[in-house]
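To start, the structure under review is shown below, and the notes come after it.
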Amino acid sequence: MDKRKIILDCDPGHDDAIAIMLAGRASSLEILGICVEAGNQTLEKTGNNTINLVQYLDLDVPVALGSGKPLKRAPMTCAAIHGETGLDGFPFSPLKIKYHQQNAVELMKSLLDKNEDVTLVPTGPLTNIAELLVKYPEVKKNIKSIVLMGGSIGYGNVSPAAEFNILCDPEAADIVFNSGLDVYMLGLDVTRKALVLPNVMKRMSKIHNKAGELFIRLMKVFNENQLKIFGHSGAPLHDPATIISLLNPKVFTFKKMNVVIDVTGGPSYGRTNCDQFDYLHQPHNAYVAVDINVKEYWNEVEKGLKRYSK
Ligand code: BDR
Ligand code: CA
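Its first residue numbered 4, the sequence shown is counted upward by one per residue in the numbering used here.
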């Protein structure tokens with residue numbers, strides 16, 4: 004079976020880390036490269052977290068840094084959930100690997116020049132991908148789809164209306180959603196149902212390898228911070244939804260609809276306005292996840308962790 008070629012674009016981030024881990028050993032996926040965004044923390048910190056993860060998981064992939072600046076708005080971070088480092092809770096060994104010499108946009112361009120049918124998998128703000136599509140629109144022919152974590156049909160998680168990844172760079176999201184490419188949006192409507200509850204912790208703690216250890220240590224901090232900020236136990240494990248949708252298409256139900264990004268700068272700035280019932284009869288530009296099979300979601304996480312031998 005041909006492997007599906009993917010490029011990750013992330014801002015680790017506790018849930019980004021689990022997404023990278025699941026993709027890292029999946030037999031049906033080939034990671035061509037990993038690009039880094041500023042988001043959960045500054046670019047310096049999310050970059051550092053990414054190469055730490057790549058080294059720890061023993062992945063042989065180039066890691067390239069993005070610009071670290073949203074297209075228009077001021078940068079924002081999410082230290083309350085992900086901590087000062089952006090990935091609090093895991094003692095990585097000293098680093099031996101380095102970043103790729105090209106920046107994120109140039110790495111994606113060269114990978115897309117050499118490969119067809121590539122799926123872009125953003126789990127952070129959409130700055131790098133928007134910059135790529137604006138600078139090199141010709142690469143679109145080699146992009147099969149964009150499968151992203153972000154947005155919400157319903158309410159937000161950093162403002163009443165907006166989800167974090169989209170609010171970090173609404174103008175970039177606007178470019179991506181209007182790119183004419185096949186965009187799959189896995190938003191809060193589904194990821195809020197994938198909660199790292201005690202039964203999940205208990206189940207994953209039985210996996211005695213490096214992936215199990217990473218999962219348990221990171222999710223402990225993620226859950227504690229989530230409880231402090233939102234007042235409920237069980238953090239939503241957002242970002243792995245992207246990878247799981249590629250591994251097992253039955254986990255999510257998608258509905259194609261019109262999605263407009265609010266770039267007005269008002270109270271709904273960054274909202275993904277999803278016309279689920281087609282009230283406005285506008286072109287359907289995104290496949291939006293409307294349902295999740297939670298049991299199968301955790302089965303895929305467990306299988307993904309077990310793929311690491313030690
Ligand atoms: C998204 O925001 C980030 O904090 C997470 O890593 C995830 O990508 C959820 O809104
Ligand atoms: Ca993320």
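No residue lacks a Cβ here, since even glycine has one placed at the ideal position from N, Cα and C.
Apart from sequence neighbours up to five positions away, the residues of its chain that approach ILE54 with a beta-carbon distance below 7 Å are VAL66, LEU98, ILE100, TYR102, ordered along the chain.
Secondary structure within the segment 6-55: the alpha helix (DSSP H) runs of 4 or more consecutive residues, fully enclosed, are 17-27 (chain order). Between ligand 2 and the CB of CYS171, the shortest heavy atom gap is not smaller than 7 Å. Restricting attention to beta strand (DSSP E) runs no shorter than 3 residues, the segment 67-155 encloses them at 121-125, 146-152, ordered along the chain. Here the C-alpha atom of LEU32 lies approximately 6 Å from the C-alpha atom of LYS8. Going by C-alpha positions, PHE180 is about 37 Å away from GLU216.
In the DSSP secondary-structure assignment, LYS213 is not bridged to any residue. The Cβ-Cβ distance between ILE10 and LEU123 falls below 8 Å. When the five nearest sequence neighbours on each side are left out, the beta carbons in the same chain lying within less than 6 Å of the beta carbon of ARG310 are those of ARG28, in order along the chain.
DSSP places THR267 outside both helix and strand once states are collapsed to three, so it counts as coil. The residue among MET111, THR130, LEU230 with its C-alpha nearest the C-alpha of ILE34 is MET111. The criterion of a C-beta distance shorter than 8 Å is not satisfied by TYR187 and SER155.
According to the DSSP secondary-structure assignment, ASP294 is paired through a beta bridge with THR256. By the CB criterion at 8 Å, ASN145 and GLU40 fall outside the cutoff.
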